[in-house]
Every structure is written in structure tokens, then in C-alpha cells.
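Some notes on the structure that comes next.
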Amino acid sequence: MVEKEILKENFIQIKQRISDAAAKSHRDPADITLMAVTKKKNAEVVRNLLDLGIQYFGENYPDETLGKMDVFDQFRDQLRLCMIGHLQSRKIRIIAGHFDEYHSLDRLNTAMKLNDLLVKQDKSMPVFIELNVGEEESKSGWQCENGKPSDQLLRDLEIIRDLPCLAIRGIMSLPPFTEDGEENRCYFSELRQVFTILNENYGYQMFHLSMGTSFDYPVAIEEGATFIRIGTALTGPR
Ligand SMILES: *Cc1c(COP(=O)(O)O)cnc(C)c1O
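For the sequence shown, this note's numbering puts the final residue at 926, and the numbers step up evenly by one.
Structure (C-alpha cells):
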């Protein structure tokens with residue numbers, strides 16, 4: 689269990705590092721949202737994070753999230769529950785029914801199924817498109833090709849753009865794990881390039897770049913992240 693005081697200390701330290709990275713890159717820290725990643729953490733941790741003023745929560749495993757849905761439902765008016773993990777098709781229903789946003793949309797088929805379920809509920813949902821940088825086979829998402837959107841991505845995005853209940857809001861990515869954030873700077877910069885090209889050359893109106901985790905978020909901020917997804921640096925090891 690993480691003590692409440694430790695959570696608070698971690699939070700203050702992260703806030704400071706966000707400010708420092710923003711200052712370094714001449715950005716407004718208010719443009720950077722800290723998402724708390726609470727996979728494998730219990731409802732009490734979620735409540736303590738809410739007390740610190742955190743609004744965005746990222747979860748990876750739908751079944752595990754269902755186990756603590758009471759706390760998310762109880763405070764629904766002050767939080768946004770976001771799916772950030774890979775989704776098996778039979779779990780899409782859980783996202784449509786219980787989540788506010790889907791930040792790890794990684795294939796066209798999932799987009800269509802999610803849209804069908806949302807249509808029935810008369811509900812729309814913000815989605816982030818997951819890109820795979822670093823060519824890791826184990827990871828999902830559309831491939832990036834040297835800082836350019838691939839033809840496959842462009843084709844699929846056109847279809848997703850026309851789905852009535854999904855609103856494309858941004859790009860999300862999880863570059864290879866490293867303890868030295870500098871090693872991921874090239875990936876963050878590539879993601880920002882793709883983001884800019886999609887907006888400027890293809891008419892998308894994406895506002896967000898979700899990139900950077902516990903070990904590399906300062907570098908991600910310097911490269912333009914608007915969402916950082918923090919687990920261990922905030923709530924300790926899982
Ligand atoms: C677990 C996870 C995180 C958080 O990683 P930490 O290293 O604990 O900060 C962020 N994004 C995704 C997609 C994750 O699965």
C-alpha cells in the first residue's frame with residue numbers, strides 16, 4: 689500500500705518536473721495533463737489520487753477495472769476514466785459501457801465495433817490513435833514510417849473519421865522502455881511530426897499527443913506531449 693503522504697510527495701515532485709520541462713521548452717505547464725495510471729492499484733489509491741486533484745485515470749485491463757468501478761462511478765463527475773491498454777474484441781463492450789475515453793485505439797476493426805456499441809447507447813467517445821514507434825513486434829498500433837503517416841494509417845483514419853460516435857482527439861504511443869529518457873527523444877519527435885502532418889496536411893483536428901511515462905516524461909514534454917501517463921513514479925512499483 690502506498691501511504692497517502694508518499695503519494696503527495698511524489699505528486700509534488702512530478703508537478704515540479706513538469707514545470708521545469710515546460711519552462712525549458714517555452715511551454716505553458718497548464719497545457720500538460722498528468723494522467724495517473726492505476727492498473728493493479730486498488731480503489732483506495734484512486735481515492736487518494738482524486739484527493740490530490742488528479743482528474744485523468746488510465747487503466748489497462750478492463751476486467752481489473754470493473755473490480756474498482758464503484759470508486760470511478762462514485763466520483764464520475766470529477767474524473768475521466770481512460771482505457772490505455774490493448775483491447776481484446778470481447779472486452780470492447782466494457783469500454784463502451786464504463787469508460788469515458790479510449791486512448792489506445794490500435795486497429796480499425798475495434799473502432800467499428802466500438803462505434804456500433806456507442807450508436808446503440810446514443811453516446812460518443814473521444815479516441816486517441818495508437819502509433820507503434822521503435823518497431824516492436826509485441827506492441828500494437830499503426831506503424832510509423834520515418835516520421836510520416838503510413839498509407840495504411842491514412843486509409844484507416846479516413847474511415848474512423850467518418851464513424852459518427854468516435855471523435856479522434858489525438859495520438860498516443862508507448863516507445864520502448866528505457867531508464868534513460870533521452871533514448872526515446874527521437875521517437876517522441878517522430879510522433880510529433882506525424883501529429884503535425886495529420887493536422888496540417890490531412891485536415892485532422894487533433895489536439896493531443898499522449899506520450900511519456902515515469903522514466904521519460906520530461907523529454908516527452910520537451911517534444912510536445914500534452915498528456916503524460918504516470919504509474920510507478922506516482923504510486924510506486926506494481
Ligand atoms: C503502464 C503504462 C503506463 C505507465 O507506466 P509507468 O512506467 O508505470 O509510469 C503508461 N502507458 C501505458 C500504455 C501503460 O501501459
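Note that beta-carbon positions come from the ideal geometry of N, C-alpha and C, so glycine has one too.
For residue i: DSSP bridge partner residues
| i | result |
| --- | --- |
| V725 | G746 |
| V815 | Y790, I856 |
| L897 | I859 |
| E833 | K836 |
| M771 | E747, Y790 |
| N820 | Q831 |
| I918 | A724 |
CA-to-CA distance, residue j to residue i, given in whole angstroms
| i | j | result |
| --- | --- | --- |
| D708 | D904 | 14 Å |
| N803 | K811 | 9 Å |
| K696 | G869 | 24 Å |
| R873 | G822 | 11 Å |
| R781 | Q809 | 11 Å |
| L897 | T920 | 21 Å |
| A710 | M813 | 29 Å |
| G891 | E691 | 47 Å |
| I889 | K836 | Correcting the residue identity first, residue 889 is Asn in this sequence and not Ile. Roughly 11 Å separates the two Cα atoms. |
| M899 | R880 | 10 Å |
| I706 | I700 | 10 Å |
| V882 | D844 | 15 Å |
| H714 | R778 | 44 Å |
| I909 | I720 | 8 Å |
| G858 | L775 | 18 Å |
| H786 | L806 | 11 Å |
| L862 | R917 | 10 Å |
| I848 | D788 | 18 Å |
| R795 | V815 | 12 Å |
| A799 | D839 | 18 Å |
| F876 | H791 | 17 Å |
| I856 | N736 | 31 Å |
| V733 | D716 | 28 Å |
| P852 | A784 | 14 Å |
| P750 | T884 | 31 Å |
| G912 | K801 | 31 Å |
| E833 | M723 | 28 Å |
beta-carbon residue i near ligand 2 non-hydrogen atom, thresh 7 Å
| i | result |
| --- | --- |
| R917 | Ligand 2 is absent from the structure shown, which contains only ligand 1. |
Quiz prompt | Validate contact between the segment 823-839 and the segment 760-768 using beta carbons, cut 8 Å, 3 pairs | solution = no
Quiz item: Using 8 Å as the Cβ pair cut-off and three pairs as the minimum, do the segment 732-744 and the segment 766-777 touch?
Solution: yes
Quiz prompt | Contact the segment 855-871 vs the segment 898-915: 3+ CB pairs below 8 Å | solution = At 8 Å Cβ cutoff, the stretches touch.
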